[in-house]
Amino acid sequence: EAQVTQNPRYLITVTGKKLTVTCSQNMNHEYMSWYRQDPGLGLRQIYYSMNVEVTDKGDVPEGYKVSRKEKRNFPLILESPSPNQTSLYFCASSFRKETQYFGPGTRLLVL
Amino acid sequence: GQSLEQPSEVTAVEGAIVQINCTYQTSGFYGLSWYQQHDGGAPTFLSYNALDGLEETGRFSSFLSRSDSYGYLLLQELQMKDSASYFCAVRGSGNTGKLIFGQGTTLQVKP
Numbered sequence: 864e865a866q867v868t869q870n871p872r873y874l875i876t877v878t879g880k881k882l883t884v885t886c887s888q889n890m891n892h893e894y895m896s897w898y899r900q901d902p903g904l905g906l907r908q909i910y911y912s913m914n915v916e917v918t919d920k921g922d923v924p925e926g927y928k929v930s931r932k933e934k935r936n937f938p939l940i941l942e943s944p945s946p947n948q949t950s951l952y953f954c955a956s957s958f959r960k961e962t963q964y965f966g967p968g969t970r971l972l973v974l
Numbered sequence: 104g105q106s107l108e109q110p111s112e113v114t115a116v117e118g119a120i121v122q123i124n125c126t127y128q129t130s131g132f133y134g135l136s137w138y139q140q141h142d143g144g145a146p147t148f149l150s151y152n153a154l155d156g157l158e159e160t161g162r163f164s165s166f167l168s169r170s171d172s173y174g175y176l177l178l179q180e181l182q183m184k185d186s187a188s189y190f191c192a193v194r195g196s197g198n199t200g201k202l203i204f205g206q207g208t209t210l211q212v213k214p
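Quick mapping for you: the protein sequence lines, in order, are chains A and B.
Take 864 as the starting number for the first sequence in my numbering and just add one per residue.
Take 104 as the starting number for the second sequence in my numbering and just add one per residue.
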């Protein structure tokens, strides 16, 4: 089954404790992206990757890192999480940037 | 900069037709996409318009007018399951992977 998977789905952590949210797709897509969703603000792009070893900033990259060492995986790293990074995070992938497949989401609470 | 505007809420009755508008401002236009998101779920791709005119997919249609920087999503024969948030999205300026989403329109379908 074609899908985008994210882990974990739910995470509660404390300020400053490094964490990684994994994202994997099995559709051989070149394009992958991370978004955060907050009430009233819609989806905001954090980082995207056009291909392996090619990443670039979206609209809200501060406090986040990404890597793309393999085509299927695109992890999101929070080196020192802060409460303002509490949010719902989505990973997405696609052949064409405008038609994305989204993962199920990761709810993050930073205390 | 790039921005999209859509109404925050729309209410309609089951069986009716509803139109959700989206106006955009962007330098370098590559097309308008629409996504549906049910409460607590992941966004799912609905349609994409790169050229002016109407694209039809079952009960859903999407329209684009590039000269007016305007598009809309048309939902016909509304069903209760259509209650969801709907987002329009455009690619950011330049041929990059940046994507900008509108803040979303919450559609409530009443019996």
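Cβ coordinates follow ideal geometry from the N, Cα and C atoms, glycine included.
Keep in mind the model is a prediction, meaning the values are calculated, not measured.
Proximity test, residue i beta-carbon vs the ligand GDP heavy atom, cut-off 8 angstroms
| i | result |
| --- | --- |
| isoleucine 123 of chain B | Among the ligands in the structure shown, none appear at all, so the ligand GDP cannot be discussed. |
Residues near residue i in its chain [Cβ-Cβ closer than 8 angstroms; skip 5 each side]
| i | result |
| --- | --- |
| aspartate 919 of chain A | Tyr910, Tyr911, Ser912, Met913 |
| arginine 872 of chain A | Pro967, Gly968, Thr969, Arg970 |
Residue i (DSSP reduced to helix, strand or coil)
| i | result |
| --- | --- |
| asparagine 891 of chain A | coil |
| lysine 184 of chain B | helix |
| glutamine 122 of chain B | strand |
| glutamine 908 of chain A | strand |
| glutamate 117 of chain B | coil |
Endpoints, beta strand (DSSP E) assigned at residue i
| i | result |
| --- | --- |
| tyrosine 873 of chain A | 873–876 |
| leucine 210 of chain B | 208–213 |
| asparagine 936 of chain A | Run containing asparagine 936 of chain A: none; DSSP gives neither H nor E here. |
| phenylalanine 163 of chain B | 163–168 |
| serine 150 of chain B | 147–152 |
| serine 136 of chain B | 135–140 |
| threonine 975 of chain A | Past the edges of chain A, shown from 864 to 974, lies residue 975 of chain A, and the structure says nothing about it. |
7 angstroms Cβ shell around residue i - same chain, five flanking residues per side excluded
| i | result |
| --- | --- |
| alanine 119 of chain B | Leu181 |
Which residues DSSP lists as bridging residue i, in chain order
| i | result |
| --- | --- |
| aspartate 919 of chain A | A:Tyr911 |
| serine 945 of chain A | According to DSSP, serine 945 of chain A bridges with nothing at all. |
| serine 896 of chain A | A:Tyr911, A:Ala955 |
| threonine 969 of chain A | A:Tyr952 |
Proximal residues to residue i (C-beta, below 6 angstroms), its chain only, five neighbours per side dropped
| i | result |
| --- | --- |
| tyrosine 127 of chain B | Leu107, Ser172, Val193 |
Chain E within 9 angstroms of residue i, Cβ atoms only
| i | result |
| --- | --- |
| glycine 131 of chain B | Of the chains in the structure shown, none is chain E; the protein chains are A and B. |
* Asked: Below 8 angstroms, can you find three or more Cβ-Cβ pairs linking the segment 145–163 of chain B to the segment 923–930 of chain A?
  -> no
* For the 8 angstroms Cβ check, are there 3 or more pairs between the segment 181–192 of chain B and the segment 105–117 of chain B? -> yes
* Would you check if the segment 954–968 of chain A and the segment 127–137 of chain B touch, i.e. whether three or more CB-CB distances between them fall below 8 angstroms? => yes
* Give a yes or no on contact between the segment 873–893 of chain A and the segment 926–944 of chain A, applying the rule of three or more CB pairs nearer than 8 angstroms. => Yes, since at least three Cβ pairs between the segment 873–893 of chain A and the segment 926–944 of chain A fall closer than 8 angstroms, the two stretches touch.
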